[in-house]
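For the protein sequence lines, the chains are A and B, in the order given.
Residue numbers for the first sequence, in the working numbering: -15 to 90.
Residue numbers for the second sequence, in the working numbering: -15 to 90.
Where is the CB? At the ideal position from N, CA and C, for every residue including glycine.
For reference, the structure is listed below as structure tokens.
There are 2 protein chains.
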Amino acid sequence: MAKPDPVDRLARMFKALSNPNRLRLFMNLLEESRLDLAKGRTHDCFLAKLLGGLELGAPTVSHHVKELADAGLIQTQREGKQLVCTVDPEALAELRAFLPALVAAR
Amino acid sequence: MAKPDPVDRLARMFKALSNPNRLRLFMNLLEESRLDLAKGRTHDCFLAKLLGGLELGAPTVSHHVKELADAGLIQTQREGKQLVCTVDPEALAELRAFLPALVAAR
DNA sequence: CTGATAGTTTCTTAAGTATCGAAGTGTGAG
DNA sequence: CTCACACTTCGATACTTAAGAAACTATCAG
């Protein structure tokens, strides 16, 4: 119903990553995911951890996380007092699908 | 002088790709590049060709192309009456560099 | 229940964006 | 020189965004 156009979906993700602070949040999450995987744990982490030195107010972070979630890049779920964030594998797949074009070009 | 932070540069590129029409323009350029490569020609094409069915006014396209160029994704050069656009290989490299994180996660 | 912690909602403000119409610039053809 | 073509610049308009302050909600410890 919304807009199933794949290009629009992709643009939506890029928009979510177009803000430096949001991009950093997402990259922190990716990094945490890798670390957790290395340790054999599940790849997710809660909000405060994502901040990693960013100087942002709580409302702003909340807003950014929502944007990432709306774009489909991450999933969130409450766990006690904390909000656990997880990278969405499907979104990663879509992003990767954009790359062949990049790799083929050159 | 400006802001050499690589994350900021990346965010800048994502911003340039965050508008559906601009993303389509860029993808068209990538596609043209591949075709031209296949034919042994240089991988670039001029503006009108980029439109590929998009219904945008000339000023809007001009603006979008400028955005892509400012973000470092493409390079432009005048050739007679036309503006020739070329994908910037360095930008592609930077985008690709973002992917290892994507691939490693999962 | 009380308090503390973690995150959310609402509202506001300043700044940025997308698009187009109208007018302007550069180039080549005749 | 004149004209048409391809693109650019300059508004103007309508819309979106980033950020935080203040107030709110949810969860847990004691």
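When B:A75, B:V(-9), B:N12, B:P43 are compared, the shortest CA-CA separation from A:N5 is found for B:V(-9).
In this structure, A:I58 lies near A:L52, with their beta-carbon atoms less than 7 Å apart.
Sequence-distant Cβ neighbours of B:L(-6) in its own chain, meaning closer than 7 Å and more than five residues away, are E78, F82.
In the three-state reduction of the DSSP assignment, A:E51 falls in the helix class, which pools H, G and I.
Linking A:L13 to A:C69 through their CA atoms gives a straight-line distance of about 8 Å. When secondary structure is reduced to three states using DSSP, B:L67 falls in the strand class.
Going by beta carbons, B:M(-3) and B:A55 fall inside the 7 Å limit. Look at the segment -14 to 2 of chain B: the residues with a C-beta under 7 Å from a C-beta of chain A are V(-9), D(-8), L(-6), A(-5), F(-2), K(-1), L1, S2.
Around A:E74, the same chain offers G56 as residues with beta carbons nearer than 8 Å, after the five sequence neighbours per side are excluded. Taking the CA atoms as reference points, B:L76 sits about 27 Å from A:G36.
The beta carbon of A:V49 lies closer than 6 Å to none in the same chain, with the five residues before and after it left out. Pairing B:R80 with A:L1, the inter-Cα distance amounts to about 15 Å. Not one beta carbon of chain B lies nearer than 7 Å to the beta carbon of A:L52.
Look at the segment 41 to 68 of chain A: it has no residue with a C-beta under 8 Å from a C-beta of chain B. When the Cα atoms are used, A:K(-1) and A:G41 turn out to be separated by approximately 21 Å. Contacts between B:L7 and chain A, judged by CB atoms closer than 8 Å, involve V(-9), L(-6), A(-5), F(-2) in chain order.
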